[in-house]
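**Q** To start, I am sharing the structure in question, which I have written as C-alpha cells.
Number of protein chains: 2
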Amino acid sequence: MFRTFDSTPQADGFRMPAEFEPHMGCWMLWPERGDTWRLGAKPAQAAFIDVAEAISAFEPVTAGASHGQWENARSALPESVRVVEISSDDAWMRDVGPTVVVDGRGNLRGVDWRFNAWGGLDGGLYFPWDRDSRVAAKVLEIERAGRYRAPLVMEGGSFHVDGQGTLITTRECLLNRNRNPHLDREQIEASLMAYLNVQKVVWLDKGVYMDETDGHVDNLCCFVKPGEVLLTWTEDRGDPQYDISRQALEILSTETDARGRPLVVHKIHQPDPMVVSAAECQGLDASETAKPRRAGDRLAASYVNFYIANGGIVMPLFDDAHDRAAMDLLARLFPDRKVVGVRSREILLGGGNIHCITQQIPMGERRVR
Amino acid sequence: MFRTFDSTPQADGFRMPAEFEPHMGCWMLWPERGDTWRLGAKPAQAAFIDVAEAISAFEPVTAGASHGQWENARSALPESVRVVEISSDDAWMRDVGPTVVVDGRGNLRGVDWRFNAWGGLDGGLYFPWDRDSRVAAKVLEIERAGRYRAPLVMEGGSFHVDGQGTLITTRECLLNRNRNPHLDREQIEASLMAYLNVQKVVWLDKGVYMDETDGHVDNLCCFVKPGEVLLTWTEDRGDPQYDISRQALEILSTETDARGRPLVVHKIHQPDPMVVSAAECQGLDASETAKPRRAGDRLAASYVNFYIANGGIVMPLFDDAHDRAAMDLLARLFPDRKVVGVRSREILLGGGNIHCITQQIPMGERRVR
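Here the protein sequences come in this chain order: A and B.
Numbering follows my numbering, with no gaps: position 160 of the first sequence is 184.
Numbering follows my numbering, with no gaps: position 89 of the second sequence is 113.
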C-alpha cells in the first residue's frame, strides 16, 4: 500500500492537476528555525496561523510540527487544523512536500523530488537538510498514498502546471549548476514530462529580483486557468525587476501551451520596493550556514505568491499602496473564489510567502470515459 | 474538530468497546531505546515486525517511529503498515496510546491518561517520559478524533473492559501510591466510570509475578467475551505465580459483572518459568534510570498478553512445552478467529508482550435505536 514505485507517473497514467483544480486539503509546516525566523519564530508563527486559519475556511489543513514545538503548535493553531509530528529543517512545505498526481480512477500518488536546500553547498540556504528530505514521504504515508522517487533535484515552488500538459519554470532555477549539473535541458524536460505527465515546458529566464531560491517561478508567474497566466509587474524602468518581468512577458507572449493555445498574460503590479529594517535583523540565532540578513536588503515581495484553495484565494498583503488593486485583480481573475488577504511580511522576511509554505493535495478524480 | 473536551465520555454518551468488538485498525510504536532493547534494538525490531505483519493480515496497522528511525522503520516494516513520525520514550503503545471510546453515532474520541512511566520517580522505569506523554494526543490528531484529558495517572494495560459496563483491574497497579496517591479507591472507581463509561469495577489483587508494570491486568487476565475471562495459571504450588492466580480465581469466581452475571473463568497454563540469560544482559546501553537486567531474573511470561484483531488473535509464543496447548485453547475460545503465534521473547525481555505494544482503534458504530 505505501509503496515506492520504480515506474513514473507518465507510464502509470498519473498527471499533476493544476492548483485551481479541486483539493482534498492543504499541508503546511510549523516554523521554528531560529536563524530563519526572528524572535524565536513567534512573529512568523503568528503569520503562519493566519494563513492556516484562512485556508481552513476553504479546505482541511494539516500542519507538521517537530516534537519540541508540537504542543505549542497544537495549542496555537485553530482546532480545525490537524497538527501532526513531522521533523523538518525549516517550514517550506511547497518545496519539501510531495507533488501529488492523480490517475482519473480515484487514486493519488506523490512525487518525492530530491532536495538540497535550494543549492546544496553551492549557494544553498542551510545545512544539513536531512529532515526536510523526509517530509514528502512522511506526508504521503499519512495520506496513505504511494510514492515516486524522482531523480531530479528540484522544489515544488520551481514550477507551475496548467493541468492540461503545460509547465512553466525558470532557467535560473532548473538549469542552475547547483541543482542538476549532470543533466542538460533536454534531459530535465524529459524528467519533468515523465514525473508530471506534461507535454510542453515553457522556460522563463529569471525569477523575482533578490529571490533567494534561485528564481522560483511561483513568486513570478502562475496559471490562473488553462491558457491564462498572471505575471508580477512594475512600470519603473529603474527597478531591476522591470527587465525580469519584461523579458518574461516577451517569452509568454510568443509561447503557446501544450494544446497550441497562445497564452493570455495578466500583469499584477508588485508592491513598492521594500527592504529589511534594522529591527528585523535582530533576534536571529547566529549561524554560519544561514544567508546573512542585512538592513536595507531588498525583499522579493510579489502578490503572485498566493495559494489557490477550494473556493478561495489566500494572498499576501504588505500594507502597501498596491494591496487594494492586487486584491481587486485577483477577485476579477477568480470570480468563483473568495479572495482573502493575509499580512505576510514575517513570512517574506524568512525568504518566501504564502505559496511557499503550502502544498495542496488534489482530489482523487474519476474521469468519465 | 481536534478539540480537547472538558466533559467526560460518560456525560457525552461515549463508552469504551471491548477489544473483541470490531476495529478500525491498530497502532504500534517502533522500538529503539538502547537501555530497554539490546543490540541497538535490532532483535526487538524483528519481533515487532512479526507482530505488525501478523496483525496487518487482519486490520490496518500504523506504526509511529522517531525521525531518527523513521527511514529504517519504513524500510523494515511491510508495505501494508503505515509508518508515521511520532517521538516516544519507548515503544509501549498500549500504555501511552489513547483509549478510544465510541458513541453509537459513528463518532470516535480518545481518552488521554496521565502517564508517569509506570510509577514516576517512585519505581518508574525511566526518566524523562515527556515524549511518551504526547503520543496519545498525536495519534488522535492523525485519526481526526477529539480528546478527553483524564485526571488519572494510568496506562492502557492496567485495565480490561467487556464493553458491557464491566472493568477488571488490579489493586497493585491502580491503588499503587506511585500512581494516584491523592485519590482513594472510590475516587478512582468514579473516574474510571466517568472516562470509560463502565458501571462495575472488579478489583483483583496482584498482577503476574515479576511484572515490572506494578501488576498490569493485561498480562494476567482478560475478557474473551462478556461474562467470560481467561486467567494465566499454574498448578505448581512452589511457583510464586500460584498464589497470585489462585487468589485472582477466587475473586473472579465470586464476583458478578455489571449486568449481574457470574463470570466463567478459563485457565490458560503459563509457560514454564523462564529467566534472563547472561547473553541477554549484554548489548544494553548504560543507564542510571533503567531497571537493571540480571542473568537469572524471572521473566513475567504469560499467554494472556495477546492482541485481539478483526478475525484474528495474535499471541505470544515462547518455544515452550505449553505453547501448543495455549494456541489450541485460544482457538477454542475464539472459534471465529484465526490464531497466529509470534515468537516474542525479545519483547518480553523489554518488559511486556504483544498486548503491551499494540492499541486498537475501535470502529465507529451506529446503534439502531
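Here a beta-carbon is modelled for each residue, glycine too, at the ideal position from N, C-alpha and C.
Owing to the predicted nature of the structure, the values given are computational and were not obtained by experimental measurement.
1) In chain A, which residues lie less than 8 Å from tryptophan 94 of chain B when you measure between Cβ atoms?
2) Fully enclosed by the segment 104-137 of chain B, which beta strand (DSSP E) runs are 3 residues long or longer?
3) For arginine 106 of chain A, which residues of its own chain have a beta-carbon under 8 Å away from its beta-carbon, when the five flanking residues on both sides are left out?
4) Does DSSP put arginine 155 of chain B in a helix, a strand or coil?
5) Please list the segments of the alpha helix (DSSP H) lying wholly inside the segment 168-220 of chain B, counting only runs of 4 or more residues, in order along the chain.
6) Counting only Cβ pairs nearer than 9 Å, list the residues of chain B close to arginine 155 of chain A.
7) On the premise that glycine 239 of chain A lies in contact with leucine 287 of chain A, defined as a C-beta separation below 8 Å, what is that separation, rounded to the nearest angstrom?
8) Tell me whether tryptophan 227 of chain B sits in a helix, a strand or coil according to DSSP, three-state version.
9) Name the two residues that bound the continuous beta strand (DSSP E) containing tryptophan 257 of chain A.
10) Identify the continuous alpha helix (DSSP H) that holds methionine 351 of chain A and give its terminal residues.
11) Have a look at the DSSP bridge pairing and note the partners of cysteine 246 of chain B.
12) How big is the Cα-Cα spacing for asparagine 204 of chain B and glycine 121 of chain A?
13) Identify whether valine 75 of chain B lies in helix, strand or coil by the three-state DSSP scheme.
14) Does any residue of chain A bring its CB to less than 8 Å from the CB of glutamate 56 of chain B?
15) What does the Cβ neighbour count give for lysine 90 of chain B, buried or exposed, with the cut at 16 atoms within 10 Å?
16) Answer yes or no: do phenylalanine 358 of chain A and glycine 170 of chain A have a C-beta to C-beta separation smaller than 8 Å?
17) Per DSSP, what kind of secondary structure is lysine 315 of chain B in: helix, strand or coil?
18) In angstroms with no decimal places, state the Cα-to-Cα distance between arginine 390 of chain A and leucine 132 of chain A.
19) Can you name, in chain order, every residue of its own chain whose Cβ lies under 6 Å from the Cβ of cysteine 380 of chain B, other than the five neighbours on each side?
20) Which two residues bound the contiguous alpha helix (DSSP H) that contains tyrosine 266 of chain B?
21) Quick one: is leucine 145 of chain A buried, meaning 16 or more other Cβ sit within 10 Å of its Cβ, or exposed?
22) Say whether the segment 189-198 of chain B touches the segment 156-174 of chain B, bearing in mind that this needs 3 or more beta-carbon pairs closer than 8 Å, one atom from each stretch.
23) Strictly by DSSP, which residues pair up with cysteine 50 of chain B?
24) Hey, is arginine 168 of chain B's beta-carbon within less than 8 Å of any beta-carbon in chain A?
25) Taking the CB atoms as reference points, tell me whether valine 364 of chain B and glycine 336 of chain B lie closer together than 8 Å.
26) Between the segment 105-125 of chain B and chain A, which residues of the former have CB atoms less than 8 Å from a CB of the latter, in chain order?
27) Let's test the definition: count the other Cβ atoms within 10 Å of the Cβ of arginine 356 of chain B and tell me whether it reaches 16, buried, or not, exposed.
28) May I have the straight-line CA-CA distance separating phenylalanine 29 of chain A from alanine 333 of chain B, to the nearest angstrom?
29) Can you tell which of A:Asp235, A:Met351, A:Cys245, A:Leu308 has the C-alpha that lies nearest to the C-alpha of lysine 362 of chain A?
30) Determine whether the Cβ of glutamate 165 of chain A lies closer than 8 Å to any Cβ atom of chain B.
31) Return the CA-CA distance between proline 33 of chain B and leucine 216 of chain A, expressed in angstroms with no decimal places.
32) Would DSSP call leucine 287 of chain A helix, strand or coil?
33) Quick check on valine 299 of chain B: buried or exposed, where buried means 16 or more other Cβ atoms within 10 Å of its Cβ?
34) Considering only the beta carbon of each residue, do serine 301 of chain A and alanine 319 of chain A sit closer than 8 Å?
35) Compare the beta carbon distance of serine 112 of chain B and leucine 149 of chain B with 8 Å and say whether it is the shorter of the two.
36) Listing by chain order, which chain B residues have their CB less than 9 Å from the CB of arginine 318 of chain A?
**A** With the structure as the only source:
1) Here residue 94 of chain B refers to the residue found at position 70 of the second sequence. At a beta-carbon threshold of 8 Å, the residues of chain A lying near tryptophan 94 of chain B are Arg158, Lys162, ordered along the chain.
2) Listed in chain order, they are 106-109, 123-126.
3) The count along the first sequence starts at 1 and reaches residue 106 of chain A at position 82. Residues of the same chain with a CB within less than 8 Å of the CB of arginine 106 of chain A, apart from the 5 flanking positions on each side, are Pro84, Val85, Thr86, Ala87 in chain order.
4) Position 131 of the second sequence holds residue 155 of chain B. Secondary structure at arginine 155 of chain B: coil, using DSSP grouped into helix, strand and coil.
5) Runs of alpha helix (DSSP H) with 4 or more residues, each lying fully within the segment 168-220 of chain B, are found at 195-198, 209-220, listed in chain order.
6) Residue 155 of chain A sits at position 131 when you count from the first residue of the first sequence. Going along chain B in sequence order, the residues near arginine 155 of chain A (Cβ under 9 Å) are His91.
7) To locate residue 287 of chain A, count along the first sequence from 1; it is residue 263. To locate residue 239 of chain A, count along the first sequence from 1; it is residue 215. Not confirmed; about 19 Å, so no contact.
8) Start at 1 with the first residue of the second sequence, and residue 227 of chain B comes out as number 203. Reduced to three states, the DSSP call for tryptophan 227 of chain B is strand.
9) As a first step, residue 257 of chain A is located in the first sequence; it is residue number 233 there, counting from the start. Segment 252-257, the beta strand (DSSP E) holding tryptophan 257 of chain A.
10) For the purposes of this step, residue 351 of chain A is taken as residue 327 along the first sequence, with counting starting at 1. Where methionine 351 of chain A is concerned, the enclosing alpha helix (DSSP H) stretches over 347-357.
11) Translated into positions along the second sequence, residue 246 of chain B becomes position 222. BP columns for cysteine 246 of chain B point to B:Leu254.
12) Here residue 204 of chain B corresponds to residue number 180 of the second sequence, with the count starting at 1. Here residue 121 of chain A corresponds to residue number 97 of the first sequence, with the count starting at 1. If you take the alpha carbons of asparagine 204 of chain B and glycine 121 of chain A, they lie about 44 Å apart.
13) For the purposes of this step, residue 75 of chain B is identified with residue 51 of the second sequence, where counting begins at 1. Helix, per DSSP.
14) As a first step, residue 56 of chain B is located in the second sequence; it is residue number 32 there, counting from the start. No, glutamate 56 of chain B lies away from the interface with chain A (no Cβ there is under 8 Å from its Cβ).
15) Position 66 of the second sequence, counted from the first residue, corresponds to residue 90 of chain B. Just to set this straight, residue 90 of chain B is serine in the shown sequence, not lysine. Buried.
16) Here residue 358 of chain A is taken as the residue at index 334 of the first sequence, counted from 1. Here residue 170 of chain A is taken as the residue at index 146 of the first sequence, counted from 1. Note that the C-beta distance between phenylalanine 358 of chain A and glycine 170 of chain A is not below 8 Å.
17) Along the second sequence, read from residue 1 onward, the residue named residue 315 of chain B stands at position 291. Three-state DSSP puts lysine 315 of chain B in coil, outside helix and strand.
18) Along the first sequence, read from residue 1 onward, the residue named residue 390 of chain A stands at position 366. Along the first sequence, read from residue 1 onward, the residue named residue 132 of chain A stands at position 108. If you draw a straight line from the Cα of arginine 390 of chain A to the Cα of leucine 132 of chain A, it is about 11 Å long.
19) For the purposes of this step, residue 380 of chain B is taken as the residue at position 356 of the second sequence. Trp116, Arg118, Gly181.
20) As a working note, residue 266 of chain B is residue 242 in the second sequence. Residue range 264-278 is occupied by the alpha helix (DSSP H) that includes tyrosine 266 of chain B.
21) On the first sequence, position 121 is the one that residue 145 of chain A refers to. Classification for leucine 145 of chain A: exposed.
22) At 8 Å Cβ cutoff, the stretches do not touch.
23) Taking the second sequence and counting its residues from 1, the one referred to as residue 50 of chain B is at position 26. Under DSSP, cysteine 50 of chain B shares a beta bridge with B:Val85, B:Gln384.
24) Here residue 168 of chain B refers to the residue found at position 144 of the second sequence. Output row for arginine 168 of chain B: interface = yes.
25) Residue numbering aside, residue 364 of chain B sits at position 340 when the second sequence is read from its first letter. Residue numbering aside, residue 336 of chain B sits at position 312 when the second sequence is read from its first letter. The Cβ atoms of valine 364 of chain B and glycine 336 of chain B lie closer than 8 Å to each other.
26) Listed by position, the residues of the segment 105-125 of chain B near chain A (Cβ gap below 8 Å) are Val105, Arg106, Val107, Val108, Glu109, Ile110, Ser111.
27) Taking the first residue of the second sequence as position 1, residue 356 of chain B is located at position 332. Classification for arginine 356 of chain B: exposed.
28) Numbered from its first residue, the first sequence carries residue 29 of chain A at position 5. Numbered from its first residue, the second sequence carries residue 333 of chain B at position 309. In a straight line, the C-alpha of phenylalanine 29 of chain A is about 30 Å away from that of alanine 333 of chain B.
29) Your numbering for residue 362 of chain A matches position 338 in the first sequence. With distances taken between Cα atoms, lysine 362 of chain A lies closest to A:Met351.
30) Working through the first sequence from its first residue, we reach residue 165 of chain A at position 141. At least one chain B Cβ lies under 8 Å of glutamate 165 of chain A.
31) By one-based count along the second sequence, residue 33 of chain B stands at place 9. By one-based count along the first sequence, residue 216 of chain A stands at place 192. Distance between the alpha carbons of proline 33 of chain B and leucine 216 of chain A is about 52 Å.
32) As a first step, residue 287 of chain A is located in the first sequence; it is residue number 263 there, counting from the start. Assigned with DSSP and collapsed to three states, leucine 287 of chain A falls in coil, not helix or strand.
33) Here residue 299 of chain B corresponds to residue number 275 of the second sequence, with the count starting at 1. Flag for valine 299 of chain B reads exposed.
34) Here residue 301 of chain A refers to the residue found at position 277 of the first sequence. Here residue 319 of chain A refers to the residue found at position 295 of the first sequence. The answer is yes: Cβ separation under 8 Å.
35) Residue 112 of chain B sits at position 88 when you count from the first residue of the second sequence. Residue 149 of chain B sits at position 125 when you count from the first residue of the second sequence. Contact: no.
36) Sequence index remark: in the first sequence, residue 318 of chain A carries index 294 (1-based). By Cβ distance, chain B contributes nothing, its closest Cβ being about 33 Å from arginine 318 of chain A, past 9 Å.
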